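In mature numbering (1 follows the signal peptide of the UniProt record, and there is no 0), the protein residues as written are -20 to -1, 1 to 300. The beta carbon of each residue, even a glycine, is placed where N, CA and C say it ideally should be. All of these numbers come straight from a predicted model, not from anything done at the bench.
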């Protein structure tokens, strides 16, 4: 009797965990709705999800698409543009569920609570650019849903490094805190400082290899961030096709704002632009230092092109 009672107590207090890869084995084309039902059965009781159902028939649900990165690649612009589609319901802020341990320990119920209310015909999307470079994230996303469609937006690696620095620099300036020049980060003992985190984030092939261990290439759509800035409509058309959305976004949804120097959005007569923090000018960098940066990324870029089977118009060092 004592043994029986002890076993019952242990069963009650056993913590909930996110299902492991072996615990859920979905077929490649399993529907998002069935994926969610199975996950919810394993993580909580039915009554716990009443707060996620609205009287108008909408509900919070696990995302069927995640914008996984890359940082300073244009993830916010991509999400805002994609939100023009009526069949998209986007989470407003970066969730950091899979890469922050204190969030991940909260489980799927917490994750669902961060999602917007959406209708059954809509696709829920969240974006957290840090996912792409976080080693644990690919497996964790796979364990949740191996049918997930992933969006990855990339820019020229050298330009991304400069944007990375610029964001941190301005964050310090707003807080009236001093911040070193970019040269102090890029140069160490007279050589390029390859330990600089911003450089590591631009080694796309390393991080892509990790994702391809869990998701086939046809589940990861790569958006050309440089083209999205210059001519957004063709890139968004490709995203619509990848997500199997009806073609609802058109060229008239975009207009070039000469004052800001980049494209803004027009939706049902309402115009809106990205936050003023977007499109900031990069710091002036010595030409020789830029050449060092381009030279360093030449081989990693080549490996990435081979890995994904396509090329991008990025700087490539050419010896004179």
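Under the DSSP assignment, residue 106 falls in the beta strand (DSSP E) whose first and last residues are 103 to 107. Looking at the DSSP output, residue 239 bridges to nothing. Under the three-state reduction of DSSP output, residue 141 falls in the helix class.
Secondary structure at residue 40: strand, using DSSP grouped into helix, strand and coil. With a cutoff of 7 Å on beta-carbon distance, residue 105 and residue 45 are scored as near each other. Excluding residues up to 5 positions away in sequence, 185 lie with their Cβ nearer than 7 Å to the Cβ of residue 283 in the same chain. The segment 132 to 142 makes contact with the segment 269 to 287; the number of CB pairs closer than 8 Å reaches 3 or more. Beta-bridge annotation (DSSP): residue 287 is not paired with any residue. Using a Cβ distance threshold of 7 Å, residue 107 and residue 55 count as a contacting pair. Within 10 angstroms of the beta-carbon of residue 124 lie 16 or more other beta-carbons, which makes it buried. Distance check between residue 97 and each of 189, 38, 275 places 38 closest, using alpha-carbon atoms only.
No residue range can be given for residue 75, since it is assigned to no alpha helix (DSSP H) and is classified by DSSP as neither H nor E. Around the C-beta of residue 261, fewer than 16 other C-beta atoms lie within 10 Å, and the residue is accordingly described as exposed.
Separation of the CB atoms of residue 142 and residue 288 is rounded to 23 Å, and the pair is thereby denied contact status at 8 Å. Here residue 174 is exposed, its C-beta having fewer than 16 other C-beta atoms within 10 Å. The distance from the Cβ of residue 129 to that of residue 222 is about 7 Å, consistent with a contact at the 8 Å cut-off.
Residue environment analysis places residue 113 among the buried positions, since at least 16 neighbouring C-beta atoms fall within 10 angstroms of its C-beta. Judged by DSSP in its simplified three-state form, residue 274 adopts helix.
The three-state secondary structure of residue 223, taken from DSSP, is coil.
Assignment of beta-bridge partners to residue 201 by DSSP yields 131.
By the beta-carbon neighbour count (other beta carbons within 10 angstroms, threshold 16), residue 33 is exposed. Relative to residue 74, the option among 43, 101, 66 whose CA is nearest is 43. By the neighbour-count criterion, in which 16 or more other beta carbons inside 10 Å mark a residue as buried, residue 189 falls on the exposed side. Note that the segment 217 to 232 touches the segment 50 to 66; at least 3 beta-carbon pairs, one per stretch, sit closer than 8 Å. Scanning the segment 153 to 209 for uninterrupted alpha helix (DSSP H) segments of 4 residues or longer gives 162 to 166, 177 to 181, 184 to 192, listed from N- to C-terminal end. Going by C-alpha positions, residue 276 is about 25 Å away from residue 159. Residue 132 places its beta carbon 7 Å or farther from that of residue 209.
For residue 111 against residue 79, the beta-carbon gap comes to about 6 Å, under 8 Å, which counts as contact. Taking every protein chain shown into account, the CB of residue 165 has 16 or more other CB atoms within 10 angstroms, so this residue is buried.
By the CB criterion at 7 Å, residue 212 and residue 243 fall inside the cutoff. Per DSSP, residue 87 lies in no beta strand (DSSP E); the unbroken alpha helix (DSSP H) holding it starts and ends at 87 to 93.
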